[in-house]
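Everything on this sheet refers to the single structure shown next.
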Amino acid sequence: MSTAQSPQGEQTHPKSVPGYAEVYAELKKIAENAQTFQRLVTTDARIAQTPKHVVWTLNKARLFRYVPMVPEEKRHKLPLLLVFAIMNRPHVLDLRPGHSFVEYMLKRGYDLYLMDWGIPGPEDSQLRFDDYVLDYLPRAIRKLKSTSGSPQFNILGWCLGALISTLYASLRPDDGLKNLILLTAPLDFSDKTSGGFVRWASARQFNADRIVDTFGNVPGEMIDYGAKALKPVENFVGSYLNLWERIDNPKVVEAWHAMNTWVRDIIPMAGGAYRQLINEFFRENRLIEGTLVLRGERVDLSRLTANVLNVIAESDHITPPCQSEGIVDRIGSRDKEVFRVRGGHIGIMAGSGAEKNTWPHIDSWLAARAD
Amino acid sequence: MNQANENFNPFDPTGAMKNLRDESMDAWAKMMTELVNTEAYAESTGAALDAWLSSSGPFRKLLEATMVHTLNNLQLPTRDDVITLAGRLTNIEMRLDDLDARLDELLREIRAASGGRKQRVASQEPAS
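Keeping their order, the protein sequence lines are chains Z and G.
Per this note's numbering, the very first residue in the first sequence carries number 1; after that it's consecutive.
Per this note's numbering, the very first residue in the second sequence carries number 1; after that it's consecutive.
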């Protein structure tokens with residue numbers, strides 16, 4: 001490699017060298033980005049960091065109370081219980097500091113409790129919705145009432161957590177539930193062609209009993225694959241491509257890492273509940289038909305009298321809107337509202353727009369009724 | 001599509017390739033989403049899953065039987081023993097939970113009663 005001297009006597013590189021330097025810098029950047037990409041895909045971000053403590057346990061289930069952020073005199077009187085689905089971890093409600101529904105509600109003066117169903121072991125393979133609705137949830141609520149000192153309370157249920165909350169609210173209307181918020185609630189399965197899991201589960205060849213008999217609990221990997229396969233290109237390719245393109249943006253990277261950490265944290269679903277979900281809910285639509293019986297008690301939706309806010313995600317491919325919207329005509333509540341949000345199943349609560357759309361509406365609806 | 005045309009820059013070949021890639025991805029995603037929502041896909045995946053479970057079932061059962069036999073011979077608890085024990089523990093937990101709830105109730109009543117008595121005593125005391 002030849003060098004030349006500048007008029008000041010300094011050695012300079014020929015014109016071709018900066019080109020190499022640029023290429024080298026670009027390759028170095030690609031290598032760094034690849035390292036960052038690998039780290040984001042294979043490691044866990046710190047999620048669910050809002051301080052909380054356990055107030056009740058039963059088997060794997062735990063009831064947490066979040067440390068309040070607002071003095072008692074400024075807090076809403078009625079506590080709010082968050083009930084998430086049974087086949088995912090509830091951390092998506094408290095994804096990361098600065099973008100957490102839990103943090104948002106605590107700052108607005110809510111006394112917040114979280115029902116964590118835990119991870120079912122082989123000994124829990126017989127657990128059914130009957131157990132979740134009539135054993136676990138009422139016991140947790142009993143403790144919530146004694147801890148908070150309030151005989152009345154509110155529930156926010158999301159996905160299958162909304163289904164469990166609806167069943168509980170219909171079977172125990174006098175338990176003190178004042179306000180019920182349903183998020184993307186899968187309740188009405190009359191339309192078998194609406195897509196989502198219902199379409200697959202309605203196939204004649206799909207045998208839920210054989211899956212449960214084989215595995216006991218349904219493996220988390222199977223549920224995760226099913227959820228991703230509903231939008232295969234977006235989930236298996238698009239998500240990673242989008243990350244690669246915006247890997248220089250720290251905000252995007254942080255958000256992606258937190259969400260991916262939650263998505264990767266897959267858990268099995270209790271076999272008994274899975275069998276019931278496919279056969280009694282998806283296929284036979286017993287809740288809407290009025291034939292659902294839990295431990296000898298028929299679930300009558302007209303007995304649900306709590307105030308209801310039904311939040312529907314317009315682009316939800318897991319719980320299509322038609323599975324949620326019909327419920328308002330069947331429940332006995334006088335005060336009921338349907339709130340439609342643009343977004344998907346998770347995006348409406350954990351996406352970048354949640355803080356501007358969904359959360360403020362939930363807060364304003366509840367604040368008007370939580371005292 | 002319109003947006004892609006507006007963003008089209010003839011002097012930026014990588015931009016054009018990127019647009020092409022995005023459009024292909026959109027078309028592919030739409031096609032795959034439609035595919036997985038068809039009756040045929042649902043039936044074929046259901047059949048494939050069922051066939052796999054049916055064929056692997058006997059081997060799984062054989063493995064389980066062998067494991068139980070081995071554990072019994074080694075005088076070690078089997079999976080069923082552990083499951084039974086866990087069920088009993090959960091029942092004990094439920095009883096403890098009921099006791100805890102009764103204790104909470106008693107404490108509340110005691111506090112309410114002692115609060116009421118204090119109020120009565122205070123109201124009976126002569127004003128000095």
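Using N, Cα and C, we set each Cβ at its ideal position, and we do this for glycine too.
Helix, strand or coil for residue i? Go by DSSP, reduced to three states.
{"i": "residue 166/Z", "result": "helix"}
{"i": "residue 345/Z", "result": "coil"}
{"i": "residue 299/Z", "result": "coil"}
{"i": "residue 355/Z", "result": "coil"}
{"i": "residue 29/G", "result": "helix"}
{"i": "residue 121/Z", "result": "coil"}
{"i": "residue 218/Z", "result": "strand"}
{"i": "residue 184/Z", "result": "coil"}
{"i": "residue 17/G", "result": "helix"}
{"i": "residue 69/Z", "result": "coil"}
{"i": "residue 184/G", "result": "Outside the displayed span of chain G (1 to 128) sits residue 184/G, for which this structure offers no information."}
{"i": "residue 33/Z", "result": "helix"}
{"i": "residue 43/Z", "result": "coil"}
{"i": "residue 111/Z", "result": "coil"}
{"i": "residue 211/Z", "result": "helix"}
{"i": "residue 116/Z", "result": "strand"}
{"i": "residue 339/Z", "result": "strand"}
At least one CB of chain G closer than 9 Å to the CB of residue i: is that the case?
{"i": "residue 7/Z", "result": "With a pLDDT of only 48 at residue 7/Z, under 50, the local geometry of the prediction cannot be trusted, and the value read off the model is given with reservation. Chain G, which has no Cβ nearer than 9 Å to the Cβ of residue 7/Z, makes this no."}
{"i": "residue 233/Z", "result": "yes"}
{"i": "residue 38/Z", "result": "no"}
{"i": "residue 370/Z", "result": "no"}
{"i": "residue 218/Z", "result": "no"}
{"i": "residue 4/Z", "result": "Its pLDDT being 45, under 50, residue 4/Z is placed unreliably by the model, and nothing is read from it."}
{"i": "residue 42/Z", "result": "no"}
{"i": "residue 210/Z", "result": "yes"}
{"i": "residue 237/Z", "result": "yes"}
{"i": "residue 135/Z", "result": "yes"}
{"i": "residue 272/Z", "result": "no"}
{"i": "residue 117/Z", "result": "no"}
{"i": "residue 186/Z", "result": "no"}
{"i": "residue 203/Z", "result": "yes"}
{"i": "residue 206/Z", "result": "yes"}
Give a yes or no on whether the minimum CB-CB distance between residue i and chain Z is below 9 Å.
{"i": "residue 95/G", "result": "no"}
{"i": "residue 83/G", "result": "yes"}
{"i": "residue 17/G", "result": "no"}
{"i": "residue 114/G", "result": "no"}
{"i": "residue 12/G", "result": "no"}
{"i": "residue 105/G", "result": "yes"}
{"i": "residue 39/G", "result": "yes"}
{"i": "residue 108/G", "result": "yes"}
{"i": "residue 43/G", "result": "yes"}
{"i": "residue 121/G", "result": "no"}
For residue i, which residues of its own chain have a beta-carbon under 7 Å away from its beta-carbon, when the five flanking residues on both sides are left out?
{"i": "residue 145/Z", "result": "151, 153 and 176"}
{"i": "residue 173/Z", "result": "303, 304 and 305"}
{"i": "residue 189/Z", "result": "198, 281, 282, 285 and 323"}
{"i": "residue 216/Z", "result": "122, 125 and 271"}
{"i": "residue 325/Z", "result": "312 and 338"}
Beta-carbon within less than 6 Å of residue i's beta-carbon, same chain only, minus the 5 sequence neighbours each way: which residues are those?
{"i": "residue 169/Z", "result": "177, 180, 304 and 306"}
{"i": "residue 62/Z", "result": "54 and 116"}
{"i": "residue 337/Z", "result": "309"}
{"i": "residue 158/Z", "result": "84 and 183"}
{"i": "residue 107/Z", "result": "69"}
{"i": "residue 266/Z", "result": "220 and 224"}
Less than 8 Å between C-beta atoms, sequence neighbours within five positions excluded: which residues of the same chain meet that for residue i?
{"i": "residue 279/Z", "result": "208 and 209"}
{"i": "residue 60/Z", "result": "117, 118, 119, 120, 121 and 124"}
{"i": "residue 139/Z", "result": "56 and 58"}
{"i": "residue 194/Z", "result": "320, 322 and 323"}
{"i": "residue 212/Z", "result": "125, 218, 271, 272, 274 and 275"}
{"i": "residue 113/G", "result": "none"}
{"i": "residue 164/Z", "result": "83, 86, 129, 132, 133, 137 and 157"}
My assumption, with CB atoms under 8 Å, is that residue i sits in contact with residue j. Please give the rounded CB distance.
{"i": "residue 341/Z", "j": "residue 331/Z", "result": "With a Cβ gap of about 20 Å, residue 341/Z and residue 331/Z do not count as contacting."}
{"i": "residue 58/Z", "j": "residue 97/G", "result": "6 Å"}
{"i": "residue 81/Z", "j": "residue 129/Z", "result": "18 Å between Cβ atoms; not a contact."}
{"i": "residue 292/Z", "j": "residue 286/Z", "result": "4 Å"}
{"i": "residue 255/Z", "j": "residue 76/Z", "result": "So it is not a contact: roughly 29 Å between Cβ atoms."}
{"i": "residue 78/Z", "j": "residue 253/Z", "result": "Not a contact, Cβ separation roughly 38 Å."}
{"i": "residue 200/Z", "j": "residue 45/G", "result": "7 Å"}
{"i": "residue 203/Z", "j": "residue 42/G", "result": "4 Å"}
{"i": "residue 52/Z", "j": "residue 114/Z", "result": "7 Å"}
{"i": "residue 327/Z", "j": "residue 187/Z", "result": "5 Å"}
Taking 8 Å as the cut-off, does the segment 179–186 of chain Z touch the segment 226–241 of chain Z (at least 3 CB pairs, one atom from each stretch)? By the Cβ test, the segment 226–241 of chain Z is not in contact with the segment 179–186 of chain Z, since fewer than three Cβ pairs between them sit closer than 8 Å.
Specify whether the segment 244–262 of chain Z and the segment 80–97 of chain Z touch according to this definition: at least 3 beta carbon pairs, one from each stretch, less than 8 Å apart. Taking 8 Å as the limit for Cβ pairs, the verdict is that the segment 80–97 of chain Z does touch the segment 244–262 of chain Z.
Three or more C-beta pairs closer than 8 Å, one from the segment 361–370 of chain Z and one from the segment 207–226 of chain Z: is that the case here? With a cut-off of 8 Å, the segment 207–226 of chain Z and the segment 361–370 of chain Z do not count as touching, because too few Cβ pairs lie within range.
Quick test of the definition: if touching needs 3 or more C-beta pairs under 8 Å, does the segment 41–49 of chain G touch the segment 199–207 of chain Z? Contact annotation: the segment 41–49 of chain G touches the segment 199–207 of chain Z, with at least three C-beta pairs closer than 8 Å.
If you measure beta-carbon to beta-carbon, which residues of the segment 45–79 of chain G are closer than 8 Å to chain B? The structure shown has no chain B; the protein chains it does contain are Z and G.
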